[in-house]
Structures are given as structure tokens and as C-alpha cells.
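One structure below.
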Amino acid sequence: MALTLFDKIWDAHHVLTEEGESLLYVDVALAQENTSHAFVALEKAQRGVARPQQVFAFTDHYVPTTGRARGIDGIPVAEIRNMVVQLQAMAHKHGITLFGIDNPDQGIMHIVPPEQGIIQPGLVVIGNDSHTSTHGAFGSLAYGVGASEFAHVLATQTLWQRKPGTMRITIDGELGFGVAAKDVILALIAHIGVDGATGHAIEYAGSAIRALSMEGRMTVCNMSIEAGGRVGLMAPDDKTYAWMDGRPYAPKGKAWEQGLDFWRSLTSDPGARFDKEVNLDAAQIAPTVTWGISPEHALPVTGRVPDPAQETDEKKRGEYQVALDYMDLKPGMDLRDIRLDRVFIGSCTNARIEDLRAAAEVAKRGKAVVTTWVVPGSMSVKRQAEKEGLDQVFLKAGFEWRDPGCSMCTAINGDHLQPGERCASTSNRNFRNRQGPGGRTHLVSPAMAAAAALKGRLTDVRELLK
Amino acid sequence: MTPFTTLTAIAVPMDEANLDTNQLCPTRFNKVPRGPKYREVLFYDQRFTTDGKLTDYMLNRAPYDQAGIIVADRNFGCGSSRETAVYALYEFGIRCVIAPSFGDIFAANCAKNGLLALTLSEETCAGLRRQLHEKKGATLTVDLAAQTATDVAGGVHPFDIHPVRKRCLLEGLDDIARTLQYQNEIVTFESSYRKSRPWLNVQGGR
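Line by line, the protein sequences are chains A and B. According to numbering that gives the first Met the number 0, the first sequence is numbered sequentially starting from 0. According to numbering that gives the first Met the number 0, the second sequence is numbered sequentially starting from 0.
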């Protein structure tokens, strides 16, 4: 029988099935500070960590993005500091590898594991964070889970799952000038909706996906969850192997050759059937921005804010009105007339070296007119950017160059918008209050964010790059 | 985990689709240890002004301050994997959410905490919400063993639920204990898995 890539990985990790629910073996588990709830559950169940060498912990959600030379003591708010201290203590207690606040490779849990070669094709990866889907870019099956399921993984190195449906999203053709991976995923979410992939594992395919760099592929897989897909994956190829080769946790020598032989088998067989198929033409995708309070509220930057009165569907009309009220926008206004207070370049979606290069390419053409932050995804990204002089480009343009963490994407480390502030952000969620109570978010690509910084309003980056 | 068997409770209609877990539990409360404080956290940014005063949001007022059921629209609980969203619902007193669809991670989190995420069709949910708007403070009854929800007019709506999820809820089963019965199978699987993938045994790191 012709199998999908998803089926192949699922079958290889399938321990047993009980009443239609399968127990899957887990290769790698990723924890962050909020995993404190899972550690409490684990202790309540009077269990230890079954395979500590397969668990990795990251301080990212709560770390400050300035003043890092002082380490933990540099976190002024006790409750925030405590989250970082707790994770450190749990990692130490259970013998888990910790990328702590002063680790030279510290960074976001969806950026560091690939950098370290921890993520490899064909693995089952479980993370206590919904954006764990990022790691599907390497052809691994990567699930985001809550505290209870994570505690279960810690205790047993397995996860109970029902087999989801399969959905193939094929994007063929060439991306236009100024169009990035972020635009691809935003356009896709606008097309299928925020629950378009609910109950399904997504496989991304097509020439436009293959043409993306690994960074771009991670951006696309990262936001699978914003389309409702808990899992989003892509077949590995030579780009994947070239990216992995020589990284600290990647196999070496003979082991690498063995891995490579196996990894090359990780593609959907010709004729494999998917429960749902979606096709998108890459050439039709424009630089995209969100205008509302759901990631599906996305439009080409050349578009206009929707007018609820023009909506024939009563439900949509109500939904759009709520969105416009929260975002304080007028129906029909040109998206490029939306003025901004802040710009944020960072997050597990868009804080890799390629993202910073794209932002710098735009930043060197002017000066920021609004407060603009660049928060690299990891210390390793930060070092590389500084080696390339990108930090100097940003500083010269008046952008702030900060230290790695989730920062103003999830807005719990002390970095957040003020009530009413409007921000162009390379992060993944434009939910109400996401970037701080009363904050308003417009999701964009890194280049679009930099363009917005120079103009102080949503801007079509193609006009700046011309 | 407290078993879920039957429930008759005041049901609050929420008409908005895509209510995400950021609304259920704003991120800044994720650091709160599990406990009664989460009662206050649920829909915090709707229920409290920026200086901490109660708003007139429906959950702050009778009869909905006593609600045990939410009837929502599609994709309830989408977004972040935070289980604190479920803690907040639970501490508020919500034991069942009825909706046409749920965020996958949220639905899993509910099941692990004795909260029933009950799926009915979009039309049925809309009908239930209409009834509840008309008769504010009315109760609904959910019978998990029989897999039925009874509406305000006495109409009975059968629902589907996966047998394992049903059993775990009915018995209040602890997942970890369930899995540890299979410890031998897991160890056997792991050893043959590792043998077939020698490249995974390489020690990494700096």
C-alpha cells in the first residue's frame, strides 16, 4: 500500500493500540518554563522522568531581552525570575539537558533544537508548546501538547494519540519578488481558515515548498497550528541534510551515513492517498498582513480593511465588527494607511538568521520612525548576525538589538505593548491582548516589518526594495 | 481526576467563533500555580478593567456566575497549548463545553482534567444558544454514559465521543497509571527501535 510520510513515521513509533487509541514512542521532548505545571503533575503522580537524556529544557518564555550579563539576577520581577529558577531546578533534579539563561546556545525552544541537530527526520518530537509543529520542517512528527500529556511523556516516553486525518497542501510555482515564507503561511491560513486543518496532520508539498530554505520551511510548519493542524511536516531532502550536517547532536561518520540512508526513504509514496487536498499557486501570493484578531484575517498588503456591511454571512459580519472595534480600524481603509506605534521582529516563527538578513536588507534603506525591536531567536543566531554585521545595520537604522527569547510574541517576560498600542509583528498570533492587554497586532514577514518600521505604517516592502 | 458522569447546570451561550486559549487564560497568568485563583483568571481581560475592577461581562453576573456549561461556536480553544485555559474553566465551575469543533490540543487537555468537550453540529449548537438567549439561566443536562445532551425544551441530542475518552472521563482514570500497565511492551519496543536506528544512539552536545 502506498503510504504517506505521516503514516511511515506513525507506524515506526507505534507501540500498541487500545480501543482505537495508539501509544506512540517519543524520541525527543522539549520543555520550557511553563512546563512547571507538568512537573507538578509528574510529582503528584509520584513518577520520575523515564528518559532524561531524551528531554531538553529551554528558558525562553520568561527571560529578559536586555541586561542578560547579570543572568538570573538580571530579572527584576520575582514571579518571572521564579519561573526561570524553577525550570533550572527541575532540569537539575531530573538530569535533563538545560539550555539555561546563561548557556552560550540559549534561545527559543523551536529554534535551538534544530540548530543543535537534536531534530532529525523521522523522529516523534513532543513539545509543551503549540508551535512544536515547527520541527516538522525536518520530516519529523512534532506535536504540541499541554501539561498533562507532557507529564505523561516524561513519565513513560510515550504519548496516546488517535490517528488524525491527513491533509496535503501543495504549493507549486514561484514566489514573487518580496514574498516570503511568512506570506505563504498567512495566505494559506486566510485560504483554509483557522480550523481548516483541525483534526488533520498537514504535509506540505510542491515546488514552492521545496524551493524554501530550511528557515522558510520552519516558518511555514511553525504556523500549522494557526490553521488548526497540530502537526505539519515536509519530506526531508538534500537541503535538510546539508543544514543538519556537523551540528552538535547530529550523527557523525558511519552513523550519519546510516541515518542518511534511512532519511531518504521518508517521503510519501507515489499514489499515497490523503483525506484532504489543498492546492495553492505560489505566484498568486502577495506580501500579506493581518488586519483583525485571528490569523485568518489576512489580506495582501495592497488590500483594504473589510467592510462588515458588505458581508452577506451574518456570522462573518458580527465577527468582522468585533475585530474592527478591537483593532480600531475603519471599514474600507487602505491597509497601507494603518499607522503603527511599534515594530517587533522576533519569535519562533521569524527570528532565524535568514529572517534577520531579510529585515536588514530593508533596514539599510532608512531609519526607523517608530520603536523597533529585533530579538534574535537564539544566541547562535545572534552571534551569526553580529559576524555578518547585521546588528550594525539595525542599530544604524535606529532598531534595538536585543537578547534571545520569546519576548513580545507571548509577552510574559516583561516585554509587552501598552494598551492601545499598534504593532507590526513577525510573530504568529494576533489574538486580542496577545502582545499585552489592549495591544493590537498586525502579523507580517520580517522584511515587511522592517519596511513598516521605516515608514511608521503598514508598507508594501516591494516598493522599498525596487 | 474527578469522574464525569452526568451534569445538569446553567449553560452560558457564547456566540463568537474561534475563542482562543489566550482569552480563556491570558498568558501572564500561566505562571500561577494550579488552584482556586484560576477562577478569577477565566476571560480575565473581559471580566476586569485594567485597574482590576469587575466589568459587567456576563460571567460576572447572575445567573452566569454559576454556569457549569458553555455552549460555543466552532473552533473553541484554538491557539496555545496552555492547559491553564482548562484550569481556568474548571475552577470557574465549567465542567462541559459544547461546540461544533475544538482546537485539537485544547480538547485533549480537557479530557485529562475531567472536563467534557462535547461536539454537536453547528446547527444544533446555534439552536442551543438561541434557546439559552431566550431563556437566560436555563440549564442543560449532559449524560455521558448515554451520550446525550438534553436542551431547554427537552429535546435530546445524541453525541459521539471516542470510547477511551469516555471511559477515562467516566472513571476519572489517570493516564500515566493506564500506560504503566504496558511497561513491558514499551521497553521491548524501545529496544528493537533503537537497534534498528543505531544513528540515534550517538551521544551529542558540546
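Virtual Cβ for every residue (Gly too), placed ideally from N, Cα, C. Predicted, not measured: the structure shown is a model, and the values here were computed from it.
Query	Result
Touch check for the stretch 131-151 of chain A and the stretch 103-112 of chain B: three-plus C-beta pairs under 8 Å?	yes
Need the endpoints of the beta strand (DSSP E) that B:Cys95 sits in, please.	Cys95 to Ala98
Any idea which residues DSSP pairs A:Gln160 with across the strands?	A:Ser21
With hydrogens ignored, establish whether the beta-carbon of B:Arg193 is closer than 8 Å to any heavy atom of the ligand ADP.	The ligand ADP is absent from the structure shown, which contains no ligand whatsoever.
Determine, using beta carbons only, whether A:Val193 comes closer than 9 Å to chain B.	yes
Against B:Phe188, what residues of chain A qualify as contacts under a CB-to-CB distance less than 7 Å, listed in chain order?	Val14 and Tyr24
Tell me the DSSP secondary structure of A:Asp59 in three-state form.	coil
Determine the DSSP secondary structure at B:Ala110, reduced to helix, strand or coil.	helix
Give me the Cα-Cα distance between A:Thr133 and A:Thr218, rounded to the nearest whole angstrom.	7 Å
Where do the N-terminal and C-terminal ends of the alpha helix (DSSP H) with A:Glu225 fall, by residue?	From DSSP, A:Glu225 is part of no alpha helix (DSSP H); its letter is neither H nor E.
Assuming the contact rule is C-beta atoms closer than 8 Å, A:Arg428 and A:Pro294 should be a hit. Round their C-beta distance to whole Å, please.	7 Å
At a CB-CB cut-off below 7 Å, which residues of chain B make contact with A:Gln257?	Pro197 and Trp198
Counting only runs that start and end within the stretch 232-283 of chain A, where is the beta strand (DSSP E) found for 3 or more residues in a row?	275-280
Just to confirm my understanding: we take A:Asp340, look at its own chain, exclude 5 residues before and 5 after, and list those with CB closer than 7 Å. What are they?	Val369, Glu420, Arg421 and Cys422
According to the Cβ coordinates, are A:Met447 and A:Thr458 closer than 9 Å?	yes
Run through the stretch 303-383 of chain A for me and flag every whole alpha helix (DSSP H) of 4 or more residues, listed as ranges in chain order.	313-326 and 352-362
For A:Val39, which residues in chain B fall below 7 Å Cβ to Cβ?	Arg33
Assuming contact is defined by CB atoms lying nearer than 9 Å, are B:Val141 and B:Ile69 in contact in what I supplied?	no
Is the Cβ of B:Val85 closer than 9 Å to any Cβ of chain A?	yes
Measuring CB atoms only, is the stretch 125-139 of chain A touching the stretch 155-166 of chain B, in the sense that at least three cross pairs come out at less than 8 Å?	no
Taking 9 Å as the CB-CB cut-off, is A:His91 touching chain B?	no
With C-beta atoms as the reference, is A:Leu174 less than 9 Å away from A:Ala254?	no
For a contact defined as C-beta to C-beta under 8 Å, what are the partners of B:Pro247 on chain A?	With chain B represented from 0 up to 205, any question about residue 247 of chain B goes unanswered, as that position is not in the structure.
In chain A, which residues lie less than 8 Å from B:Arg245 when you measure between Cβ atoms?	This structure gives no information on residue 245 of chain B, because the portion of chain B shown stretches from 0 to 205.
With 9 Å as the threshold, decide whether the Cβ of B:Arg81 is near any Cβ in chain A.	yes
I want to verify the contact list: residues of chain A whose CB lies under 9 Å from the CB of B:Ser120, in sequence order.	Residues of chain A passing the Cβ test: none, with the nearest at roughly 15 Å.
Could you give the residue range of the alpha helix (DSSP H) that holds A:Val472?	This structure cannot settle anything about residue 472 of chain A, because the visible part of chain A is limited to 0 through 465.
In chain order, what residues of the same chain have a beta carbon less than 6 Å from the beta carbon of A:Ala90, not counting five sequence neighbours either side?	Ala56 and Leu97
Could you check whether the stretch 119-133 of chain A touches the stretch 62-78 of chain A, counting it as contact only if at least three pairs of C-beta atoms, one from each stretch, sit closer than 8 Å?	no
Ordered along the chain, which non-local residues of its own chain (more than five positions away) have a Cβ less than 7 Å from that of A:His13?	Ser21 and Leu23
Just tell me which of A:Pro51, A:Tyr61, A:Val39 and A:Gly19 has its CA closest to the CA of A:Glu32.	A:Tyr61
I'd like to check one pair, A:Gln105 with A:Pro403: are the Cβ atoms closer than 9 Å?	yes
For a contact defined as C-beta to C-beta under 9 Å, what are the partners of B:Ile185 on chain A?	Val14, Leu15, Leu22, Tyr24, Ala49, Thr155, Gln156 and Thr157
Go ahead and pull the three-state DSSP assignment for A:Met166.	strand
List the residues of chain A whose Cβ lies closer than 8 Å to the Cβ of B:Thr178, in chain order.	Leu22, His151, Ala154, Thr155, Thr157 and Trp159
Mark B:Val85 as exposed unless 16 or more other C-beta atoms lie within 10 angstroms of its C-beta, in which case mark it buried.	buried
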